[in-house]
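Chains as they are written, first to last, in the working numbering: chain D, 49 to 285; chain S, 541 to 831. Using N, Cα and C, we set each Cβ at its ideal position, and we do this for glycine too. Some notes on the structure that comes next.
Given below as structure tokens:
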């Protein structure tokens, strides 16, 4: 009886000491990620965007993206219009990490594409944030975020996957895939007055996940081009 | 033959009603442009209401190409009436004025006279279409600029690149010429039966309105028979604004999704033109114009 009592007290003491240490590790790891991202004052990036939503037919298109630390980000598409999912924090992880006020929680480790990742959860401080919870899959060796999952108050949950290449030292991805939930789309035929070419209408799957893939070809980092884009004309995003 | 066509064109140009069509088109186009200039974003919102909660639009979707698309969609209902005003008057107008017998006394065959009249009404239709292209496309591009175009269908949204649109309009207008010539041939066909212009014009419009309504109503019975109505094929120009997709579902610029279906529709319209004009000649050659 006495032994069991001491055993539980011991466990509690160990937990009390170890758990903050783990949380501190997560915070330290996130700080390392942030310090990498903090090197970037602004950037202008060129790449392509591919929208994959079942009811949308959108060609792959060239885009330019502009970022100014900590949370100004916009996408510009020349010679065309784009429909981009709402939730700009989702598309640009730097905005979320550098500008947010949140509590960091350690959620252990997990495997992502056969690689070991540290799992960190961010809970925003304050009720005014549109984000409820963000989970980050962090590559502890390279100090970069490989995946994030963000649950918002109004726009559901969206996931972000990132692949890194030659800009890994700046913490900037070569490829960003943004996954989100889509709603039903339907317009009455009497309004659209459309041509029936005999082809069958699309059968929408029950799991209506959409994705936007941005592949960056090049970044121009800390050359002031990102800042110019915001001073020239206030962008939509 | 060419002399006869010029003569018919001269007659068309002398009639005040000819210019009503140009004025009406200019008025409709100007009103749509004004409405979209003032309330365009609300109009876009209506079409994209299902995606507005989830998506932001980057770029200028309310540009000249989109405005022209709206104009063409609206004019589709009205232009046949304007075409019928002239084409349905070609023979009946002469009968009404009492000049039909006079024309037939000329040293030309009835077939030649009829073909020249149809050719003149076709030329009028093409000029009307050029006017639509000028006011609807050119002026819209001047006022609203250019960018990519969002084409909202009942079950999907198609986004076209800015540099992938103009050639589609060229094809769409060419197809519209075929569609409106079909209307002209129908009006022309009815005009051989009447002694006044009003009857053939109203009959032509009635046929188009009834067929359009039956085509538009999303009722299975009508959906099954709608392919027999030429009005279903008149809107095939919209097919030029659709793209093929690759195996991943990515749209391919510079492609047309179902070109064979559009060509098939074009052949159907061409068949109607040949049918209506042929029937007109066949009946008119045997027609008693003395009494």
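Selected residue, minimal CA-CA separation from residue i, among the options
i, options, result
"residue 9 (chain D)", "S:576, S:586, S:567, S:556", "Only positions 49 to 285 of chain D appear in the structure, and residue 9 (chain D) is not among them; the question remains open."
"residue 844 (chain S)", "S:581, S:625, S:829, S:662", "Any answer about residue 844 (chain S) is impossible in this case: the structure gives chain S only from 541 up to 831."
"residue 541 (chain S)", "S:815, S:771, S:658", "S:658"
"residue 747 (chain S)", "S:790, S:620, S:553, S:589", "S:620"
"residue 80 (chain D)", "D:146, D:124, D:130, D:120", "D:146"
"residue 574 (chain S)", "S:683, S:704, S:596", "S:683"
"residue 206 (chain D)", "D:125, D:133, D:151", "D:133"
"residue 690 (chain S)", "D:131, D:220, D:165", "D:131"
"residue 159 (chain D)", "D:178, D:174, D:185", "D:185"
"residue 258 (chain D)", "D:228, D:278, D:272, D:279", "D:228"
"residue 756 (chain S)", "S:771, S:742, S:744", "S:771"
"residue 225 (chain D)", "D:208, D:171, D:233", "D:208"
"residue 87 (chain D)", "D:126, D:220, D:231", "D:220"
"residue 725 (chain S)", "S:737, S:819, S:607, S:708", "S:819"
"residue 546 (chain S)", "S:768, S:791, S:653, S:712", "S:653"
"residue 828 (chain S)", "S:810, S:666, S:732", "S:732"
"residue 141 (chain D)", "D:78, D:246, D:244", "D:78"
Residues that residue i contacts on chain D, provided the C-beta gap is smaller than 8 Å
i, result
"residue 590 (chain S)", "231, 232, 233, 234, 235"
"residue 783 (chain S)", "105, 107"
"residue 792 (chain S)", "107"
"residue 776 (chain S)", "243, 245"
Which of helix, strand or coil DSSP assigns to residue i
i, result
"residue 113 (chain D)", "strand"
"residue 703 (chain S)", "helix"
"residue 257 (chain D)", "strand"
"residue 583 (chain S)", "helix"
"residue 555 (chain S)", "coil"
"residue 560 (chain S)", "helix"
"residue 577 (chain S)", "helix"
"residue 769 (chain S)", "coil"
"residue 691 (chain S)", "strand"
"residue 95 (chain D)", "strand"
"residue 88 (chain D)", "coil"
"residue 262 (chain D)", "strand"
"residue 229 (chain D)", "strand"
"residue 108 (chain D)", "coil"
"residue 651 (chain S)", "helix"
"residue 79 (chain D)", "helix"
"residue 245 (chain D)", "coil"
"residue 595 (chain S)", "strand"
"residue 156 (chain D)", "strand"
"residue 733 (chain S)", "coil"
"residue 279 (chain D)", "helix"
Distance, residue j Cα to residue i Cα
i, j, result
"residue 777 (chain S)", "residue 214 (chain D)", "47 Å"
"residue 717 (chain S)", "residue 672 (chain S)", "11 Å"
"residue 556 (chain S)", "residue 728 (chain S)", "19 Å"
"residue 802 (chain S)", "residue 632 (chain S)", "34 Å"
"residue 764 (chain S)", "residue 798 (chain S)", "20 Å"
"residue 91 (chain D)", "residue 267 (chain D)", "6 Å"
"residue 189 (chain D)", "residue 74 (chain D)", "13 Å"
"residue 721 (chain S)", "residue 812 (chain S)", "10 Å"
"residue 576 (chain S)", "residue 560 (chain S)", "24 Å"
"residue 97 (chain D)", "residue 264 (chain D)", "9 Å"
"residue 808 (chain S)", "residue 773 (chain S)", "7 Å"
"residue 704 (chain S)", "residue 815 (chain S)", "36 Å"
"residue 740 (chain S)", "residue 730 (chain S)", "5 Å"
"residue 823 (chain S)", "residue 754 (chain S)", "29 Å"
"residue 274 (chain D)", "residue 85 (chain D)", "15 Å"
"residue 117 (chain D)", "residue 780 (chain S)", "44 Å"
Where residue i meets chain D, residues with beta-carbon distance less than 7 Å
i, result
"residue 633 (chain S)", "Simply none; closest approach about 32 Å."
"residue 832 (chain S)", "Because chain S here runs from 541 to 831, residue 832 (chain S) falls outside it and cannot be looked at."
"residue 801 (chain S)", "245, 246"
"residue 779 (chain S)", "243, 245"
Any non-hydrogen atom of the ligand NAP within 7 Å of residue i CB
i, result
"residue 748 (chain S)", "Absence of the ligand NAP is noted for the structure shown, with no ligands found whatsoever."
Interface partners of residue i on chain S, CB under 8 Å
i, result
"residue 125 (chain D)", "598, 599, 688"
"residue 240 (chain D)", "692, 693, 694"
"residue 178 (chain D)", "The contacting residues do not exist; residue 178 (chain D) stays about 14 Å from chain S at best."
"residue 134 (chain D)", "593, 594, 595, 596"
"residue 143 (chain D)", "Those within 8 Å of residue 143 (chain D) in chain S number zero; the least Cβ separation is about 15 Å."
"residue 113 (chain D)", "Simply none; closest approach about 11 Å."
"residue 156 (chain D)", "Chain S residues near residue 156 (chain D): none, gap ~32 Å exceeds 8 Å."
Amino acids of chain B, ordered along the chain, whose beta-carbon sits closer than 8 Å to that of residue i
i, result
"residue 100 (chain D)", "In summary, chain B is missing from the structure at hand, where the protein chains are D and S."
Neighbouring residues, chain S, relative to residue i (Cβ below 9 Å)
i, result
"residue 203 (chain D)", "593, 594"
Inset, instruction - Report yes or no: do the stretch 602-611 of chain S and the stretch 659-679 of chain S share at least 3 C-beta pairs separated by less than 8 Å? - result: yes
Inset, instruction - Taking 8 Å as the threshold, find out whether the stretch 680-697 of chain S comes into contact with the stretch 99-113 of chain D through three or more Cβ pairs. - result: yes
Legend entry - contact_flag[the stretch 109-120 of chain D, the stretch 188-208 of chain D] where n(CB pairs < 8 Å) is 3 or more: no
Legend entry - the stretch 616-631 of chain S in contact with the stretch 149-158 of chain D per 3-pair CB rule at 8 Å: no
Inset, instruction - Kindly confirm or deny that the stretch 594-601 of chain S and the stretch 541-555 of chain S touch, where touching means at least three C-beta pairs closer than 8 Å. - result: no
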